[in-house]
Structure formats: structure tokens, C-alpha cells
Amino acid sequence: MTAPAKRAAELRQQLDEANHRYYVLDDPSLPDAEYDRLFRELQELESRHPELRTADSPTQRVGGAALKEFAPVTHRQPMQSLNNCFSEEELGEFDRRVREGLGLETVEYVAEPKLDGLAVSLIYEDGVFVQGATRGDGETGEDITANLRTIRRLPLSLRQGKKHPAPKIIEVRGEVYLPRAGFDRMNAEAAAKGEKLYVNPRNAAAGSLRQLDPKNTAARPLALYAYAVGFQQGWTQPKTHHEVLALLREWGFPVSDLIQVVQGPAGCLAYYRDMQAKRAGLGFDIDGVVYKLNDLAGRDELGSVSRAPRWAIAHKFPAEEAVTLLENVEFQVGRTGTLTPVARLKPVFVGGANVSNATLHNMDEVERKDVRIGDTVIVRRAGDVIPEVKGVVLERRPHHARKVELPLTCPVCGGHVERAEGEVAARCTNGLSCRAQLHGALQHYVSRKAMDIEGLGEKLLAQLIDIGLVRAPADIYSLDAEQLAALERMGEKSAENVVAAVEKSKDSRFDRFLYALGIPDVGETTARDLARHFGTLDALIEATQRDLLTEGDEAVKPKDRYPELRKVPDVGPIVAAHLCHFFAEPRNRKAIKALLDAGIHWPPPKAAASGPLSGKTLVITGTLPGISRDEAGALIEANGGKVSGSISAKTDYLLAGEAAGSKLAKAEKLGVPVIDLAGLRALIEG
Ligand code: IVH
């Protein structure tokens, strides 16, 4: 080999390795700048010595001229489709057919996510990617080699397997898809250019793969998972599908980590449920799972019927969208008085349940989607989330369709409804005199993370309000067992339990009390941060009084408003304004006084301990081994440190356990050092 040829081979190998580490293993090995430097060196080398340019060179991912049309490709082995099943019974029948066909008692399957993208065929000759095609009708697809080359997760040449060198010819099959983040980015760009938006990631992926100019495809963040081998020559196939997948991984293909070997229909079903639970958090769309017979010899025995194999089946998730008639729109009043438009629908089966109500969120949404009563609407119910109206089928709008109007008075109490300028929410201004707000506020007040009063359920609270025993939160503390026992469905014992729970809850914590007050946008984390920062209720109230003065002051720039509250992590101008207004309201001050007079108390703030963590702020995330997060927080505070609920550039350390999520990502982005429990112990011990 000449020196330039040697260097080119070396560069290609380094770039391929870096690409594989970055895109397939998600474990970058080279800084971007170094990758770019090597890439440019290879480009220059190849332009000086064009004979060194190979089809599998990383410089060839984007290149080549635009096509006039795609050439047809006849698949050497037809690309079959899958039969579907939608229920446990149908899954049982599939398994029975497989067992009977093979004469087995139980069957081992490989369970895989069913990716919602496009099937592709990838041909490698002597280890080099030479042709890629769409599925088409299963017999003939289209040649989209140049477009597929632009997908960074697709290996341009096979990494040589240790035990399994590259076969003479091998066809790898997989799914090209668009991760949701990429889809959102594409749509944001399309919106900015005033172009039409893509309906879903699958359509966007299909559109991206069918670009005649590969440069356009290169700009789309497409991804790939490999899941099968098709045609082969000069290859000794392993005995099981699971081994095939391991080999694909060895050759450098991305193979989903979610794939599992399972036993019998029970194993399949457990996998299905697990994927259903994971679905929303995957970052890409799946529309079900696929079960495949693991034993490859058994597959030949079973064969196929009408273009679908007998040895595999897709178990589809229930459709998440359906269309139905919008019969009416009513307004629900929440605990902070917010009026939420709720769609009353002609019942429809969607997302695995019958749905007759769906949220329309707020009036801005109603107007944006131009939803009218009498319209045919698209309803979406994904997983455990509240069903929502996604949009209108305009073609089916009847002439009598009626606009949705925001009521002028509260539908529950008749109070005045206000929509403050710049706010999306319309609110009933009647506060706790509005039954709906009182009920909501009480439910929140007694909830587990607030005052944690067991036994005071939704129905009991409603009864207490209706008979006038409870008109404000503080009234809970004057309930006696006799009054309670006289109510519907209450025995003496449960009445006593409620009274005892109410009594016990008086011994509380500042942050819990603050959260229980139900100030808009003040969740548990913000309440904890506020409690930690101010120490006492008086100090917090005084700060809100001083900050309130900056609100109407023209001399103070908007970004300098609420200076005291905004020292607290994650408290921005909106939360600060809510806090100031809440504590400025006389009736809220009265309600708080009544609660404290009823005997609610909490321990005074501890003087900050001094110790090895003095002056340090830590954030805790994930599950720590053998210790709860509260215990870890106490350990940090006992050693002089502060614990905060949210990461910022001021955070000194992130203490991360198992399954740490967005906080870990944020810490890495901000360069905040990440430690585990052992790391914390080391800090404490110096
Ligand atoms: S196996 C004969 N595995 O589903 C085997 N297909 O309905 C056929 N798909 O055209 C393919 N995820 O586009 C297989 N893990 C997976 C899959 C999968 C998605 C798609 C593929 C295929 C369609 C069949």
C-alpha cells in the first residue's frame, strides 16, 4: 500500500469507529472538532487521489447527483408483512397454532417493539453497503441507496465480527424512522418557512426517504433499527433469531435494546404491557410489538400464508385517535377558579377505552383549533393521559355548527368571570365562596403531598360542603366524630379515624403547608425551595410585600421585578407574581390565620449546620441505593450543605442514583459535577 492509501484507510477506520460510537452506541469517543479535522483530511486526500475514494468512505454519505426518478429493485427474497392481533385471545390462538405446528408444549419468542417507520432492505456485498431499497409491494421496491447512505446510524461497511466474518452477500432488513425530537424540529422549521406541516413522524420519514436529491434527505434526522436478515450467500446462519440480532449488533447495526427473549404467551403479554407503559417515554413512535419464533429451523417448518409468516405476529396497541361528534362544550371550574372547556362527545372507543369527555384546555386552544359545537372532531387518548380534542374534520362541518363562547358568569356559582390580559386562563373571581373552587382547594389541601389527611375523600368533602359544615379549609379542624358519624356511609369508627387524621396533620412542615395553600404554579418543589430559602412564613410574606412594590413601578425594568422571590431557584416572574398576589389578598391572609389558630404548626428552621459541605448546594435525582432521597437530603444538611430542587449553574453537585432523567442531562449540559452516593460520602469524609 502507498502511504496515501494507508493513511486514507486509517482515517476511514477512525471515522467509522467514531461514527459508530456516536450514533449507534450513543457513547461518543471523539470531540466533534477532532472528527471534523479527520474528515477534512480524508476529503483532501481523496480529492488529490480520486482513485482512493471508495463507496464505503464516510465522505460518500452525502454526495452524488439528484435523481430524476427511483429505479425499481426486485427483492431477492420477498419482503413479507405481518399478521396482526389485537387481544389476549388472538395472541393465544397464534401461540396455539405455532405450538401445534411444531408439536411443542411451550415456545420461545423474541419480542420486539413494532417501530412505526418504513421497512428497508440493505444489501452488503463483501461487507460493503451497495444497495438499499424500500419495501414497495413486497416484491419490488425502489432504489434509495443514496438516501439511505445519509443515515448516520447505517454502517457503510460491516464491522468485522470476531467469530463471524462478513458473508459474501447479505441483506439486512430494518426500519427507518424519525425520532420525535427530529420530527418536532422538522415541523418547527417548516412552520418558520410557512410550509405545510407533517402529520406524524412516519409520514415525515416517508417523505424524507423519497427525496430525489440526497442532500435533502441528509438534512433530515432519520434513524434506523435493524431487525432481520433476508437474502444471504456464503453465510452459516445461527440457530436462533436472537443470535442473528447479536450478530447484527456486532456488524455495527443499531439493534433496539428493548428486544427481549420471552417464554410463551404469558411472556409475550408481560412484554406488551411493559412496552405500553414505556411507550410515551421512548422518544420515537411504536404502534405495537412483534413476537417472532426464536428458533430459525422452526420458522422453515411453519412457513407462510398469503405473504405473512406463520411464525410471527404483530400485537398492535389500540388506536390512539378516533373521530366522533362534538355534542356540546361545558366549562369546568378548577381549584384555582380556572374555567376549562370540556368537550361532551358522542361516546367513542379510543386508546382502549370508551371516551365521552375530552379536554379542550382553554379558550385560546378552542379558537386556534376552531372547534365548534356540532363538529366532527379528532379525539386522542394516549396512555394514561386525559383525552383531548386534537382537531376538527372541517370537511364534515354542518352549517348549524355553533361557536364556543366563554361564559360571562361562573357556571358553578354565578360569580364574575375574568380573563386577565396576557393570560390564557379565564377564572371565576369568587374564590372559596365558589363551591367548585372550595371543593378543589380542599381536595388539594388534604392530599398526600400536602397536609396528608387520610379519610377525607372527594365524596365526603362534597357532602360536608353541601350541608354547610365546611365553608373554608380551617373548618376541617372543628369537625367532631359525632357530626361525621351522622353522615351517609360513615360509621363511628371511620368518623373517629378522620378526626384522628385531622389532629395528626396539625403537626406539619412549612413546605407542605405552603404547597397545601394551592397557590397557582407553586408545586411541591417550589414550595420546598421557598421554605428552605425563607425559613419562616413571616419572612416569605414580608418578601412578597416588598416585591409587590416593584410590580407596578415603571422605574423598575421588568427583568428586575420581584428581586427577593427570584433569588429562589426556579421562581420566575409568573410564580413570583402569583405569590405576591396570593399573600396580598386579605381573604387568603384570613384563611391562613384561621388555619394557624386551629393549631397547625411546624418545627422552626434549623440553623444551618456547618460542616464539610458548608456553602455547597446539591440537587438529588434518581433512586439512591439503600437510602431515600429525604434521608440523603438530611445527611447533606447535617453536614452543612443545602439541597435544592432544581439544577442551575449555581448548583455545586448533582447527586444521581438509578434512573436519573432530565436533571442528569441538564447537569451535564451545564457542566455541573455529577456524583453518586459513594461520591457524597467521600466529600463528607474529606
Ligand atoms: S419483521 C416477516 N420486526 O412492520 C417479517 N417488522 O407489518 C416482517 N416493523 O413491513 C418484518 N417493527 O415495516 C419486523 N421489529 C419489527 C418491526 C417490523 C416494525 C414493520 C415493518 C414491516 C411491517 C409489517
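Counting along the sequence shown from 1, when you hit position 557 you're at 558 in this note's numbering, and nothing is skipped either side.
By construction, the Cβ of each residue, glycine as well, lies at the ideal position given by its N, Cα and C atoms.
Shown in chain order are the residues whose CB sits closer than 6 angstroms to a heavy atom of the ligand IVH: Q81, S82, L83, E113, K115, L116, A120, R136, E176, Y228, A229, V291, P310, A313 and A315.
DSSP places N431 in the coil class of the three-state scheme, outside both helix and strand. Bounds of the beta strand (DSSP E) holding G133 are V129 to T135. The Cβ-Cβ distance between L31 and L12 does not fall below 9 angstroms. Considered as a whole, the stretch 320-358 harbours 322-334 and 340-351 as its complete beta strand (DSSP E) runs of no fewer than 3 residues, in chain order. Secondary structure at V200: coil, using DSSP grouped into helix, strand and coil. Of the candidates D288, L395, L294 and S611, L294 places its Cα closest to the Cα of G265. Shown here, C86 sits in a strand according to DSSP, grouped into three states.
Bounds of the beta strand (DSSP E) holding K391 are E389 to V393. For L294, DSSP records a beta bridge to Y110. A straight line joining the alpha-carbon of Y228 with that of A207 spans about 19 angstroms.
One Cα belongs to K115, the other to S257, and the distance between them is close to 11 angstroms.
Taking the Cβ atoms as the reference, P388 lies roughly 38 angstroms from F254, outside the contact range of under 8 angstroms. With the rule of 3 Cβ pairs closer than 8 angstroms, the stretch 227-241 counts as touching the stretch 170-188. In summary, K643 is buried, with 16 or more beta-carbon neighbours lying within 10 Å of its beta-carbon over all protein chains present. In this structure, the beta-carbon distance from G338 to C429 falls below 9 angstroms. Contact check between the stretch 477-487 and the stretch 542-557: fewer than three CB pairs, one atom from each, fall below 8 angstroms, which does not count as touching. In the three-state DSSP reduction, V121 falls in the strand class (E or B).
Going by beta carbons, V394 and A344 fall outside the 9 angstroms limit.
Of the residues L681, S209, G93 and A473, the one whose Cα lies closest to the Cα of I145 is S209. When secondary structure is reduced to three states using DSSP, S506 falls in the helix class.
Segment contact: the stretch 651-658 against the stretch 605-621, three or more CB-CB distances shorter than 8 angstroms; contact assigned. If only uninterrupted beta strand (DSSP E) runs of at least 3 residues are considered, those enclosed by the stretch 622-664 are 643-645 and 654-657. Positions of the alpha helix (DSSP H) runs, each at least 4 residues long and wholly inside the stretch 183-246, are given as 202-210 and 215-219 in order along the chain. When rounded, the separation of the alpha-carbon atoms in V108 and E302 is 14 angstroms. Apart from the 5 residues on each side of it in sequence, D561 sits with its Cβ closer than 8 angstroms to the Cβ of T551 in its chain, given in chain order. In this structure, S645 lies away from D512, with their beta-carbon atoms at least 9 angstroms apart.
Here D571 carries a coil assignment [DSSP, helix/strand/coil]. DSSP lists no beta-bridge partner residue for E52. The closest CA to that of E459, considering only A650, S448, G423 and W603, is found on S448. Our two residues, A595 and I601, have alpha carbons roughly 10 angstroms apart in a direct line. The beta carbon of I542 is closer than 7 angstroms to those of F584 in its chain, skipping five residues each way along the sequence.
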